[in-house]
């Protein structure tokens, strides 16, 4: 079901006034009328039942009632949906050309990734380091918009967070700090060290983070691969074709999610509203 | 590794002359020089070693030598890649708005889907039935271009085929003719009949086709769901958010490929060139 992502400024009060685009989304796009309800989530993922109590030409006022995470909410736009558990997925995406990152992060948010970050590596065609601060800021703003739209449209209960700076590949291991399983995809002949997804995930607890690092169009250099392996990142080879950067992330997140929620955690599906 | 998809007109002779865009792809995009080699595949998926023997301003001539499917070919653009087995994946995608189908079919081709088709169903926003033949033809031509580019770029050994007409949902079961497992995704409360991907694929032989039917933006109607179920299509609920049409297909194909090639067919990965 669709939901409204509450503004960062919302502190949990009983009423919330929305203006501009936010207000239009509710009254023009979702065509919500006075008295109708919609699910809300704050940036921490907390769940609210929102009731539209007033509409003016440029704004609207909602009453906000926090509800339990697993409480069923009857709204006007209710399709039953899976409410978890979700694996804790972290996608580190090397910089891509053009606006491909927007599509990747949008799809990753829909799937329910918890954390997204951009990474700069040797063969990245795009280099943001010599770009003006304003251009980099605009790039992050566009990504934030995609993530928010995807959260609202998919009704994801996972409050996807975007890391607010580009990580240098050299800093990735210290940023990651061994929080869980970390993998990267690399097509190489060094088959001794390569693992399959299945072998790495078989004994992985669903709540423990999985970090997926996707290389740029040009792949990783040999030195980068060695560095990553020495830092505890597992090189994984997929039994598929060589995928483009914008397909690899979605492929990996989808497969990992199914393996962790279904194959190795085979409880019946519980849908709620 | 990248490869050249041979024109449909190629009948297996020792030489092939390419003109226009085809020639440019080799000489300008891949920057192949005289004497250099590239892998070729015909529309049936047969493998050829191609050597560039002449370049003129508007064309080039290749010598063609058919090779065994599993023979390693040393070319100038050689990254080791997985050579199979590939599951026999069939993606039936309900018509989408705009050019989303192009992205979906491109990604499905990269992943190695064998057959792709467009389907028309009740809640499709796009209706091609009242469009001029020319417009429909142009739509299919654009899809063919995407598929060909994806085959060339990904080096997929699976010769992805596009069904050359839009299937009406009512005709899908007779078209499919019980060739294997058929599933569709539907978020409903009729939980008794719903299966998980894992339970359906656990005992599925990798060579037997799997048909994945993805609904349009508006989903399937109740009547359509009943019709599909009665026709032997299994409704599957994914343990994830409600995905947009353009994410659902890639999600499903990725997960099914990993389940069939890794989880239930756990042999070591063999890479060849």
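Residue numbers (the numbering used here), protein chains in the order written: chain D, 3 to 275; chain H, 3 to 275.
Beta carbons are placed, not taken as given, at the ideal position from N, Cα and C, and that holds for glycine.
Which residues DSSP lists as bridging residue i, in chain order
i             : result
residue 41/D  : 5/D and 51/D
residue 236/H : 185/H
residue 163/H : 117/H
residue 17/H  : 65/H
residue 2/H   : Nothing in the structure corresponds to residue 2/H, since chain H is present only between 3 and 275.
residue 214/D : 93/D and 185/D
Cβ neighbours of residue i in the same chain (closer than 6 Å, five flanking residues each side left out)
i             : result
residue 87/H  : 208
residue 160/H : 88, 114 and 116
residue 223/D : 124
residue 10/D  : 45
residue 240/H : none
residue 98/D  : 247
Residue i - DSSP class collapsed to helix/strand/coil
i             : result
residue 209/H : coil
residue 275/D : Unreliable placement is indicated for residue 275/D, whose pLDDT of 49 sits below 50; the coordinate value is still reported in the next sentence. Residue state, collapsed to three classes: coil.
residue 156/H : helix
residue 95/D  : strand
residue 132/D : coil
residue 219/D : coil
residue 34/H  : coil
residue 57/D  : strand
residue 150/H : helix
residue 11/D  : coil
residue 137/H : helix
residue 265/H : helix
residue 180/D : coil
residue 29/D  : helix
residue 242/D : coil
Contact with chain D by residue i, beta-carbon distance below 9 Å
i             : result
residue 333/H : Given a span of 3 to 275 for chain H in the structure shown, any question on residue 333/H remains unanswerable.
residue 43/H  : no
residue 84/H  : yes
residue 226/H : no
residue 116/H : no
residue 239/H : yes
residue 148/H : no
residue 246/H : yes
residue 205/H : no
Cutoff 9 Å: residue i Cβ touching any chain H Cβ
i             : result
residue 155/D : yes
residue 88/D  : yes
residue 264/D : yes
residue 16/D  : no
residue 72/D  : no
residue 260/D : yes
residue 11/D  : no
residue 158/D : yes
residue 19/D  : no
residue 105/D : yes
residue 137/D : no
The ligand SAH heavy atom lying under 8 Å from the CB of residue i
i             : result
residue 260/H : The ligand SAH is not part of this structure, which contains no ligands at all.
Beta-carbon proximity list for residue i, same chain, < 8 Å, skipping 5 on both sides
i             : result
residue 166/H : 142
residue 263/H : 87, 88, 89 and 208
residue 258/D : 89, 91, 199, 203, 212 and 214
residue 231/D : 195 and 237
residue 180/H : 234
residue 154/D : 4, 5, 6, 7 and 27
Host alpha helix (DSSP H) of residue i (start-end)
i             : result
residue 88/D  : Premise fails: residue 88/D is in no alpha helix (DSSP H) and is neither H nor E.
residue 105/D : 102-113
residue 121/D : No alpha helix (DSSP H) contains residue 121/D, which is instead part of the beta strand (DSSP E) from 117-122.
residue 204/H : From DSSP, residue 204/H is part of no alpha helix (DSSP H); its letter is neither H nor E.
residue 255/D : 247-260
residue 24/H  : 22-26
residue 127/D : Where residue 127/D is concerned, there is no enclosing alpha helix (DSSP H), given that its DSSP letter is neither H nor E.
residue 195/D : Unbroken run through residue 195/D: none, as it is neither H nor E.
Endpoints, beta strand (DSSP E) assigned at residue i
i             : result
residue 67/H  : 61-69
residue 183/D : 183-187
residue 46/H  : Per DSSP, residue 46/H belongs to no beta strand (DSSP E) and is neither H nor E.
Neighbourhood of residue i by C-beta distance below 7 Å, restricted to the same chain and skipping five residues each side
i             : result
residue 177/H : 169
residue 144/D : 104
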